[in-house]
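Here is the structure we will look at, set down as structure tokens.
Numbering (the numbering used here), first residue to last: 3 to 455.
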């Protein structure tokens, strides 16, 4: 064991309380099986499960955005499947002060890992697995592995980070408010309370619902959706046809009004609370350049023509009237806690659905470029599931990705284990019907460093 890893355990345990629940039968020299919980010095809690027939691999699971409760697997069914295969599982709650707990998450995750290793002894292998916001946590862990990790699996991960997320979401929210309800003066940033954020979420949701009744409203909804990187597939077994622009807009509108706006606008309060202010901006953004660079540009232009609207006039108005500026200290805080550098220290596999309404697959394009610029391209593989929904993977698809990462760790090379065909074969062997496909994610509209921003 490295001195750094040993010291990390001691520091983590210095403020922790460990409670063991269930079996305490030894499964090997220095190991214990059962369910365990504990508390770290900063108040974060953790939970771990160690099967009696431990295979020597520990999975460090990072949960997504939401209440700060300790979680060590994506869901109960996956948890039981992993335990049944011999994996030990551990994860922390993080310690806040808000649900956007990026300032503490990596520290708390490694603290939880150190605490459970005092019970099990050192694992043969440790893999970080994160979901959604937890995918960003795991991506940050890949840059700060320090001998504690052997690999990272990021699933539906928010890998483009908090600054990008806040900016492109604000672009779409601003377009809805300014073009469809210019007299309502809807607050978009610097929320003083959850109630304020919820009120804005409700107002924008109503706008997106009411506007669907006219062609002009539909065109402007499509524009806002393009700025937010919203996919054109929300429900159904197949996406609308590539040139079915009206059908695509219906799917986007349903996603925005049924789930996206309510979630992301209210969630902004939590991010601002963690950052200490507003980190996003509209002032100085060239909205024509954003639309020109969007994968949905043809759709937006077609719907504007069908509605008899002047797209250039709307884009000029958005650019001219934009006046939201960020709080510099908040930007620095989010840049420090919630953005990746791309400097990977361990092999990393990202998986994403091709149509993700909450964490658009375009984030993978931004992240891949970041990793390649940092020289880590040989450590990264990205794989895509042909499906709609946020984190909407079959259990077999997720575990097939885990096994592909394990193969890379064992052999020191990727080979073809993360290719769609091999992943689908592995999923089939686990009882699923893998939907992995070859896919090139579009560029992230509104991302930092992208045209228009």
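No residue lacks a Cβ here, since even glycine has one placed at the ideal position from N, Cα and C.
Legend entry - Per DSSP, cross-strand counterpart(s) of residue 153: For this step, residue 153 is matched to residue 151 along the chain shown. For residue 153, which the question treats as bridged, DSSP gives the partners 129.
Legend entry - Distance CB(residue 186)-CB(residue 262) smaller than 8 Å: Your numbering for residue 186 matches position 184 in the chain shown. Your numbering for residue 262 matches position 260 in the chain shown. Cβ atoms of residue 186 and residue 262: not closer than 8 Å.
Inset, instruction - Taking residue 62 as the reference, give the member of 203, 188, 154, 265 with the closest Cα. - result: For the purposes of this step, residue 62 is identified with residue 60 of the chain shown, where counting begins at 1. That would be 154, whose Cα lies nearest to the Cα of residue 62.
Legend entry - Rounded C-alpha distance that separates residue 13 from residue 411: Position 11 of the chain shown, counted from the start, is the residue given in the question as residue 13. Position 409 of the chain shown, counted from the start, is the residue given in the question as residue 411. At residue 13, the pLDDT of 35 sits below 50, so the modelled position is not reliable; the number obtained from the coordinates is stated separately. Going by the C-alpha atoms only, they are around 28 Å apart.
Inset, instruction - Look at the alpha carbon of residue 266 and the alpha carbon of residue 57, and state the distance between them as a whole number of angstroms. - result: Numbered from 1 along the chain shown, position 264 holds the residue referred to as residue 266. Numbered from 1 along the chain shown, position 55 holds the residue referred to as residue 57. Those two C-alpha atoms are separated by around 39 Å.
Inset, instruction - Using 10 angstroms around the beta-carbon of residue 349, count the other beta-carbons present and answer buried if the total reaches 16, otherwise exposed. - result: Here residue 349 refers to the residue found at position 347 when the chain shown is read from its first residue. So residue 349 counts as buried.
Inset, instruction - Kindly give me the distance between the Cβ atoms of residue 291 and residue 444, rounded to whole angstroms, as I take these residues to be in contact under 8 Å. - result: Taking the chain shown and counting its residues from 1, the one referred to as residue 291 is at position 289. Taking the chain shown and counting its residues from 1, the one referred to as residue 444 is at position 442. That belief does not hold up - the Cβ atoms of residue 291 and residue 444 are roughly 15 Å apart, past 8 Å.
Inset, instruction - Report the three-state DSSP secondary structure of residue 73 (helix, strand or coil). - result: Within the chain shown, numbered from 1, the residue matching residue 73 stands at position 71. Residue state, collapsed to three classes: coil.
Inset, instruction - State the DSSP-derived secondary structure class of residue 188, mapped to helix, strand or coil. - result: Counted from its first residue, the chain shown places residue 188 at position 186. Note: residue 188 maps to coil in three-state DSSP.
Legend entry - residue 240 burial status per 10 Å Cβ neighbour count (16 or more: buried): Residue numbering aside, residue 240 sits at position 238 when the chain shown is read from its first letter. Under this definition residue 240 is an exposed residue.
Inset, instruction - Thinking residue 366 and residue 352 are a contact (beta carbons under 8 Å), I'd like their distance in whole angstroms, please. - result: In the chain shown, the residue the question calls residue 366 occupies position 364. In the chain shown, the residue the question calls residue 352 occupies position 350. That belief holds up - the Cβ atoms of residue 366 and residue 352 are roughly 6 Å apart, short of 8 Å.
Legend entry - Environment of residue 339 [buried if 16+ CB atoms lie within 10 Å]: As a working mapping, residue 339 is identified with position 337 in the chain shown. Classification of residue 339: buried, given that the 10 Å Cβ count is 16 or more.
Inset, instruction - Please classify residue 300: is it buried, with 16 or more other beta-carbons within 10 angstroms of its beta-carbon, or exposed? - result: One-based indexing of the chain shown puts residue 300 at position 298. When all chains shown are included, residue 300 counts as exposed.
Inset, instruction - Can you give me the Cβ contacts of residue 451 inside the same chain, cut-off strictly under 6 Å, excluding the 5 residues immediately before and after it? - result: Within the chain shown, residue 451 is the residue found at index 449, counting from 1. Exclusion of the five residues before and after residue 451 leaves no residue of its chain whose Cβ lies closer than 6 Å to its Cβ.
Inset, instruction - Would you tell me roughly how many angstroms separate the C-alpha atoms of residue 426 and residue 401, rounded to the nearest one? - result: Within the chain shown, numbered from 1, the residue matching residue 426 stands at position 424. Within the chain shown, numbered from 1, the residue matching residue 401 stands at position 399. Cα to Cα, residue 426 sits roughly 11 Å from residue 401.
Inset, instruction - Note down, one range per segment and in chain order, each alpha helix (DSSP H) of at least 4 residues found wholly within the region 330-400. - result: 330-339, 364-375
Legend entry - residue 2 and residue 192 closer than 8 Å at C-beta: The structure shown has nothing for residue 2, since the chain only spans 3 to 455.
Legend entry - Presumed contact (8 Å Cβ cut-off) between residue 382 and residue 346, rounded CB distance: For the purposes of this step, residue 382 is identified with residue 380 of the chain shown, where counting begins at 1. For the purposes of this step, residue 346 is identified with residue 344 of the chain shown, where counting begins at 1. Correct: roughly 6 Å between the Cβ atoms.
Inset, instruction - Whole angstroms is fine: what's the gap from residue 436's alpha carbon to residue 390's? - result: Here the question's residue 436 lines up with position 434 in the chain shown. Here the question's residue 390 lines up with position 388 in the chain shown. Cα to Cα, residue 436 sits roughly 14 Å from residue 390.
Legend entry - Alpha carbon of residue 236 to alpha carbon of residue 257, nearest angstrom: As a first step, residue 236 must be located in the chain shown, where it is residue number 234. As a first step, residue 257 must be located in the chain shown, where it is residue number 255. Answer to the nearest angstrom: the Cα atoms are 6 Å apart.
Legend entry - Beta-carbon spacing of residue 52, residue 80 below 8 Å: Within the chain shown, numbered from 1, the residue matching residue 52 stands at position 50. Within the chain shown, numbered from 1, the residue matching residue 80 stands at position 78. No, these two residues do not count as a Cβ contact at 8 Å.
Inset, instruction - List the DSSP bridge partners of residue 146. - result: Walking along the chain shown from the start, residue 146 turns up at place 144. Answer by DSSP bridge pairing: none, since residue 146 is not bridged.
Legend entry - Residues near residue 205 by beta carbon distance below 7 Å, same chain, minus five either side: Indexing the chain shown from 1 puts residue 205 at position 203. Same-chain partners within the cutoff: 186, 188.
Legend entry - Neighbourhood of residue 102 by C-beta, 6 Å cutoff - its chain only, sequence neighbours within 5 removed: Sequence index remark: in the chain shown, residue 102 carries index 100 (1-based). The answer, listed in chain order, is 272, 273, 276.
Legend entry - Member of 167, 165, 176, 67 whose CA lies at the smallest distance from the CA of residue 321: Against the chain shown, residue 321 aligns to sequence position 319. Comparing Cα positions, the closest option is 176.
Legend entry - Minimum C-alpha distance to residue 76 - residue among 447, 327, 396: In the chain shown, the residue the question calls residue 76 occupies position 74. Out of 447, 327, 396, 396 has the C-alpha closest to the C-alpha of residue 76.
Inset, instruction - Counting only the same chain and skipping the five closest in sequence on each side, list residues whose C-beta sits under 7 Å from that of residue 378. - result: For the purposes of this step, residue 378 is taken as the residue at position 376 of the chain shown. Closer than 7 Å at Cβ, skipping near neighbours: 344, 345, 346.
Inset, instruction - List the residues that DSSP assigns as beta-bridge partners of residue 438. - result: Counting from one through the chain shown, the residue named residue 438 turns up at place 436. Answer by DSSP bridge pairing, in chain order: 387.
Legend entry - Exposed unless 16 or more other CB atoms sit within 10 angstroms - verdict on residue 71: Here residue 71 refers to the residue found at position 69 of the chain shown. When all chains shown are included, residue 71 counts as exposed.
Inset, instruction - Report the option in 82, 199, 48, 164 whose CA atom is closest to the CA atom of residue 119. - result: Position 117 of the chain shown, counting from 1, holds the residue named residue 119. Among 82, 199, 48, 164, the Cα nearest to that of residue 119 is on 48.
Inset, instruction - Out of 130, 136, 159, 164, state which residue places its alpha-carbon closest to the alpha-carbon of residue 151. - result: Working through the chain shown from its first residue, we reach residue 151 at position 149. When each option's Cα is compared against that of residue 151, the closest is 130.
Legend entry - Enclosing beta strand (DSSP E) for residue 41 [first to last residue]: Your numbering for residue 41 matches position 39 in the chain shown. Looking at the DSSP string, the run of the beta strand (DSSP E) that includes residue 41 is 36-41.
Inset, instruction - Could you round the C-beta distance between residue 65 and residue 157 to whole angstroms and report it? I think they count as a contact, below 8 Å. - result: Along the chain shown, one-based indexing puts residue 65 at 63. Along the chain shown, one-based indexing puts residue 157 at 155. That belief does not hold up - the Cβ atoms of residue 65 and residue 157 are roughly 11 Å apart, past 8 Å.
Inset, instruction - Return the chain-ordered ranges of every alpha helix (DSSP H) run that is complete within the region 58-129 and spans a minimum of 4 residues. - result: 78-86, 104-122
Legend entry - For residue 361 and residue 114, the rounded distance between their alpha carbons: Within the chain shown, numbered from 1, the residue matching residue 114 stands at position 112. Within the chain shown, numbered from 1, the residue matching residue 361 stands at position 359. Cα to Cα, residue 114 sits roughly 27 Å from residue 361.
Inset, instruction - State the start and end residues of the unbroken beta strand (DSSP E) segment that holds residue 51. - result: The sequence position of residue 51 within the chain shown is 49, counting from 1. Start and end: 47-52.
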